[in-house]
Amino acid sequence: MIGINKQAVSQQLPDSIAVFSGEILTADSLIPVENAHVISKFNHWGTISNEEGKFKMYVSKNDSLLITSVGYRPIILHVLDSMISEDNPYPILMHIDTIRINEVIIRAFWDYQTFKLIVSEMEPMSLDQFYPNYEGTGLLYKDVHPASIKGPVQALYDVLNRDVRLQRKLIRIRKEYNELMIQMGRPEDTIPPKPEHMLR
50 MIGINKQAVS QQLPDSIAVF SGEILTADSL IPVENAHVIS KFNHWGTISN
100 EEGKFKMYVS KNDSLLITSV GYRPIILHVL DSMISEDNPY PILMHIDTIR
150 INEVIIRAFW DYQTFKLIVS EMEPMSLDQF YPNYEGTGLL YKDVHPASIK
200 GPVQALYDVL NRDVRLQRKL IRIRKEYNEL MIQMGRPEDT IPPKPEHMLR
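When we follow the working numbering, the leftmost residue of the sequence shown carries the number 50, and every step to the right adds one.
Given below as structure tokens:
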């Protein structure tokens with residue numbers, strides 16, 4: 050076991066450098082925060098906290114420490130002379146970083162083959178087709194008319210058009226999936242023709 054003489058180490062350090070001892074805790078329950086990253090902004094060196102949330106590192110006078118940990122808000126701590134003590138760690142409280150996300154509907158794929166088919170058949174789609182720019186055209190103000198019979202050229206174009214083929218494929222896959230869910234007695238897991246976020 051190798052012993053370190055603190056007095057000898059302190060004699061080798063310049064006056065502008067000191068040893069800062071800290072203890073990182075959660076602000077709400079004072080539980081130690083393990084593996085928090087502590088970086089000296091002036092000296093560009095750092096360390097991590099141990100399982101008790103404690104750490105020691107060299108700091109300069111008027112140094113700033115950047116303290117980060119996953120799930121907590123980052124802290125910038127300005128080190129004052131009154132905070133420096135090797136024997137008594139300075140308590141640092143980290144607040145939980147709460148992230149709100151929108152509601153998500155998760156649908157179960159009971160049959161792996163169905164899931165594999167849907168994923169393998171998907172192709173990247175451009176969002177431009179869903180948000181066309183109708184500014185400066187009469188289309189923005191036209192009344193909606195019922196569908197009419199298309200000519201042979203338009204019908205041939207629709208058959209060969211990649212986007213239309215993809216749309217038909219997705220409709221077919223959705224229909225097969227919905228039939229499977231109904232057979233399994235799970236009609237609530239069927240996929241609607243129009244996504245719920247587009248109905249609003």
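Glycine is no exception: its CB is placed at the ideal position from the N, C-alpha and C atoms. Fair warning: this is a prediction, and the values are worked out from it, not measured in the lab.
{"Query": "Could you pull the DSSP bridge partners for S113 from this structure?", "Result": "H127"}
{"Query": "From the DSSP output, in three-state form, read off P236 for me.", "Result": "helix"}
{"Query": "Would you mind stating whether T96 and V87 have Cβ atoms separated by less than 8 Å?", "Result": "yes"}
{"Query": "Which same chain residues, not among the five before or five after Y121, have their C-beta less than 8 Å away from its C-beta?", "Result": "T75, V82, A85, M143, H144, I145 and D146"}
{"Query": "Going along the chain, which residues of its own chain have a beta-carbon closer than 6 Å to the beta-carbon of L188, five neighbours each way excluded?", "Result": "With a pLDDT of 45 at L188, under the threshold of 50, the predicted position of this residue should be treated as unreliable, though the coordinate-derived value follows. So no residue of the chain qualifies."}
{"Query": "Should I141 be labelled buried (16 or more other beta-carbon atoms within 10 Å of its own) or exposed?", "Result": "buried"}
{"Query": "Is it buried or exposed, F79, if we count other Cβ atoms within 10 angstroms and call 16 or more buried?", "Result": "Correcting the residue identity first, residue 79 is Leu in this sequence and not Phe. It is exposed - the Cβ of L79 has fewer than 16 other Cβ atoms within 10 Å."}
{"Query": "Can you tell me whether L79 is helix, strand or coil according to DSSP?", "Result": "coil"}
{"Query": "My assumption, with CB atoms under 8 Å, is that P138 sits in contact with E72. Please give the rounded CB distance.", "Result": "4 Å"}
{"Query": "Just verifying my parser: in three-state terms, what is the DSSP assignment at E72?", "Result": "strand"}
{"Query": "Using the Cβ count rule (16 or more neighbours within 10 Å means buried), how would you classify G102?", "Result": "buried"}
{"Query": "As a quick exercise: from L114, P236 and E170, pick the residue whose alpha carbon is nearest that of R221.", "Result": "E170"}
{"Query": "Would you give the residue range spanned by the alpha helix (DSSP H) that Y161 belongs to?", "Result": "Y161 to E170"}
{"Query": "Start and end of the beta strand (DSSP E) containing S89?", "Result": "H86 to S89"}
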